[in-house]
Amino acid sequence: MDISLKGKRALVTGAGKGIGRATALALVRCGSEVTAVTRTQSDLDSLVLECPSIIPVCVDLADWGATAAALKNIGPIDLLVNNAAYANLQPFLEVTPDQFDQSFNVNVKAVLHVSQIVATGMKARGSGGSIVNVSSQASQRALKDHTVYCATKGALDMLTKVMALELGVHQIRVNSVNPTVVMTEMGRVGWSDPDKAQTMKSRIPLGRFAEVDDVVNSILFLLSDKSTMTSGVSLPVDGGFLAC
Ligand code: NAP
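Here you go:
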């Protein structure tokens, strides 16, 4: 299936590394003009070196005020990928208020905020749009030491549904992708231990982790006009994990 996003303007958060970076580059290949948002300047420098048409924005999305200032002049956006997230694993009894706040600030509150900014513009222009939130299988299954991460992704799935409900009238579709483990920098934090990785893989009917491109392809599908009647869904990219 060929996906063309020619002439569309896209914004991707967490575009410095991993899935977000690959998504930004794929969107350019599909013809979009891409704004890449992340908090490490050196990642943006290397991204722009790799793809000079990308517009870089450096901001810590956990900071509401700084985000509002950084995105004030982003211009019209048709496609939004809320991908940035924070993961820090702790046993339930050791979760700290700081880790809780940082996780919810990035994984939930920043998604709400960036989406408000972008969707306000979409509504004003009457142009519609598509938003994809990068959630996780962890939104729907308990994973050991993932208390806060699971809770943020559960909240993100519900945020996705309410956004779809309220923004649909403006022809703005909102969906999430829910990947299993992907061996990015974040994936390696939780799943480098071979025994742990094998236990997880044994719960995935396809018997493997997802590749970055598996996730990117699902994001592109949900952004594109190949999915024009799909809104409010959480699309597993999990080899069947959530079916079990
Ligand atoms: P990653 O390789 O760690 O990349 C995350 C990106 O988000 C980085 O560029 C990071 O920048 C940026 N970011 C994090 N906090 C930020 C903040 N406060 N402000 C601005 N940018 C921020 O992670 P990934 O594996 O690609 O994950 C992407 C998405 O997929 C996340 O939503 C994650 O929850 C989800 N996911 C991942 C997996 C997995 O196993 N990898 C599985 C399911 C779902 P810095 O490096 O500068 O912090």
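Residue numbers for the sequence shown follow the numbering used here, so the first one is 328 and each next one is one higher. We put the beta carbon where it would ideally sit given N, CA and C, even for glycine. For clarity, every value in this text was computed on a predicted model and none was experimentally measured.
Inset, instruction - Using the Cα positions of K553 and K436, report the straight-line distance between them to the nearest angstrom. - result: Translated into positions along the sequence shown, residue 553 becomes position 226. Translated into positions along the sequence shown, residue 436 becomes position 109. Approximately 29 angstroms, taken between the alpha carbons.
Legend entry - Contacts around G358, its chain only, beta-carbon distance under 6 angstroms, and the 5 residues preceding and following it disregarded: Position 31 of the sequence shown, counted from the start, is the residue given in the question as residue 358. Closer than 6 angstroms at Cβ, skipping near neighbours: S331, L332, K333.
Inset, instruction - Give a yes or no on whether the minimum CB-CB distance between K528 and chain B is below 8 angstroms. - result: In summary, chain B is missing from the structure at hand, where a single protein chain is found.
Inset, instruction - Would you give the residue range spanned by the beta strand (DSSP E) that G567 belongs to? - result: Here the question's residue 567 lines up with position 240 in the sequence shown. Run containing G567: none; DSSP gives neither H nor E here.
Inset, instruction - Have a look at T394 and A478 and give me their C-alpha separation to the nearest angstrom. - result: Residue 394 sits at position 67 when you count from the first residue of the sequence shown. Residue 478 sits at position 151 when you count from the first residue of the sequence shown. The straight-line gap from Cα to Cα measures roughly 23 angstroms.
Legend entry - CA-to-CA distance, G559 to K490, given in whole angstroms: The sequence position of residue 490 within the sequence shown is 163, counting from 1. The sequence position of residue 559 within the sequence shown is 232, counting from 1. One detail in the question is off: residue 490 reads as Met in this sequence, not Lys. Cα to Cα, M490 sits roughly 8 angstroms from G559.
Inset, instruction - May I ask you to check if the CB of V435 is nearer than 7 angstroms to at least one heavy atom of the ligand NAP? - result: Numbered from 1 along the sequence shown, position 108 holds the residue referred to as residue 435. No; taking the cut-off as 7 angstroms, the Cβ of V435 has no heavy atom of the ligand NAP nearer than that.
Inset, instruction - Mind reading off the beta-carbon distance from L371 to C385? Whole number of angstroms is fine, and I expect it under 8 angstroms. - result: Here residue 371 refers to the residue found at position 44 when the sequence shown is read from its first residue. Here residue 385 refers to the residue found at position 58 when the sequence shown is read from its first residue. Between C385 and L371 the Cβ distance is about 6 angstroms, and since that is below 8 angstroms, they are a contact.
Inset, instruction - Put C477 into one of helix, strand or coil per three-state DSSP. - result: Numbered from its first residue, the sequence shown carries residue 477 at position 150. C477: helix per DSSP, three-state reduction.
Legend entry - Any non-hydrogen atom of the ligand NAP within 7 angstroms of S463 CB: For the purposes of this step, residue 463 is taken as residue 136 along the sequence shown, with counting starting at 1. Correct: S463 has its Cβ closer than 7 angstroms to the ligand NAP.
Inset, instruction - Just tell me which of S454, T340, D472, A396 has its CA closest to the CA of F427. - result: As a position in the sequence shown, residue 427 is number 100, starting the count at 1. The shortest Cα separation from F427 among S454, T340, D472, A396 belongs to D472.
Legend entry - First through last residue of the beta strand (DSSP E) which encompasses S442: Taking the sequence shown and counting its residues from 1, one reaches residue 442 at position 115. Counting along the chain, S442 falls outside any beta strand (DSSP E), though it belongs to the alpha helix (DSSP H) covering 437 to 452.
Inset, instruction - Quick one: grab the DSSP three-state call for P506. - result: Counted from its first residue, the sequence shown places residue 506 at position 179. In the structure shown, P506 sits in a strand (DSSP, three-state: E or B).
Legend entry - Uninterrupted alpha helix (DSSP H) stretches inside the region 359 to 435 (no shorter than 4 residues): 368 to 377, 391 to 397, 424 to 431
Inset, instruction - With distances taken Cα to Cα, identify the nearest neighbour of G402 among V543, I546, L338, F536. - result: Translated into the one-based positions of the sequence shown, residue 402 becomes position 75. Measuring from the Cα of G402, the nearest candidate turns out to be L338.
Legend entry - Proximity test, A351 beta-carbon vs the ligand NAP heavy atom, cut-off 7 angstroms: As a working note, residue 351 is residue 24 in the sequence shown. Result no, Cβ not under 7 angstroms from the ligand NAP.
Inset, instruction - State the DSSP-derived secondary structure class of T526, mapped to helix, strand or coil. - result: In the sequence shown, the residue the question calls residue 526 occupies position 199. Helix at T526.
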